[in-house]
Amino acid sequence: MARIGLFFGTDTGKTRKVAKMIKKKFDDETMAKPLNVNRADPDEFASYEFLILATPTLGEGLLPGVSADMEEESWEEFLPKIDDKDFAGKTIALIGLGDQEGYPDEFVDALGELHGFFSERGASLVGSWPTEGYEFNHSEAVGDDGNFVGLALDLDNQSNLTEERLNTWLSQIASPFDLNL
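So this note's numbering is basically just the index in the sequence shown, starting at one, shifted up by 12.
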């Protein structure tokens with residue numbers, strides 16, 4: 013089994029694309045193939061010591077799932093399946109996708125929801141990201157330190173910055189994840 017689990021939720025396929033971009037940088041011993049959470053086994057998910065989790069924000073700041081008008085289940089339905097799991101001793105890094113122009117009042121809010129869920133269950137969360145370079149009014153993903161609680165990506169309006177942001181962020185989490193870049 014790989015050391016790092018890579019899981020995502022998606023609606024349009026953009027989050028899956030980002031997960032695949034990450035996986036291409038690592039071998040199978042280091043990182044598992046990206047897996048949509050609607051296909052994930054809760055026990056296997058919880059067995060990883062290191063996790064990279066990615067989510068889009070849908071509509072008015074929602075996690076992807078059926079109530080956000082998705083045809084398939086996603087994070088909204090998966091989180092209750094792992095609600096009783098203890099994530100103490102696990103290191104988790106988060107990625108959120110959003111549209112800062114179309115949804116400036118809830119930009120990457122789902123990132124904040126994932127952060128809250130896993131921090132409440134004892135996980136060590138790493139990979140905060142500066143808010144500079146983004147234009148939005150409000151985000152539930154901005155922590156007390158003024159940074160996003162994970163990597164924020166806007167493939168709708170700033171796709172040209174995705175690769176650079178991703179590489180910088182992976183360098184940032186390299187030490188806690190024991191990654192060779």
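Note that CB positions come from ideal geometry on N, CA and C, so glycine has one too.
Whole-Å CB distance - G114 paired with Y60, under 8 Å assumed: By one-based count along the sequence shown, residue 114 stands at place 102. By one-based count along the sequence shown, residue 60 stands at place 48. Rounded to the nearest angstrom, the Cβ distance from G114 to Y60 is 33 Å, too far for a contact under 8 Å.
Option in F57, E41, G110, E56 with minimal Cα separation from L74: By one-based count along the sequence shown, residue 74 stands at place 62. Comparing Cα positions, the closest option is G110.
Assigned secondary structure, F160 (DSSP; H/G/I helix, E/B strand, else coil): The residue given as residue 160 occupies position 148 in the sequence shown. Residue state, collapsed to three classes: strand.
Spatial neighbours of A135 in its chain, beta-carbon cut-off 6 Å, leaving aside the 5 residues before and after: In the sequence shown, counting from the first residue as 1, residue 135 sits at position 123. Hits under 6 Å: F99, K102, I104.
Relative to the alpha-carbon of G162, which residue among A66, E132, N149 has its alpha-carbon at the smallest distance? By one-based count along the sequence shown, residue 162 stands at place 150. Here the closest residue by C-alpha is A66.
With H, G and I counted as helix, E and B as strand and the rest as coil, what does DSSP make of S136? Stepping through the sequence shown from its first residue, residue 136 is reached at position 124. Reduced to three states, the DSSP call for S136 is strand.
With DSSP run on the structure shown, which of helix, strand or coil describes E120? Within the sequence shown, the letter at position 108 stands for residue 120. The question names Glu, but residue 120 is Val in the sequence shown. V120 carries a coil assignment under DSSP once its states are collapsed to helix, strand and coil.
Out of T174, D121, S183, L126, which one is the CA nearest neighbour of K32? Locating residue 32 in the sequence shown gives position 20, where the first residue counts as 1. Selected option, being the one with the closest Cα: T174.
Helix, strand or coil, according to DSSP, for M43 in the structure here? In the sequence shown, residue 43 corresponds to position 31, counting from 1. Residue state, collapsed to three classes: strand.
By DSSP, does G108 sit in helix, in strand, or in coil? What you label residue 108 is simply residue 96 of the sequence shown in a count that begins at 1. G108: strand per DSSP, three-state reduction.
Using 8 Å as the cut-off, can you tell me whether the segment 83-95 makes contact with the segment 32-45, which would need three or more C-beta pairs spanning the two stretches below that distance? no
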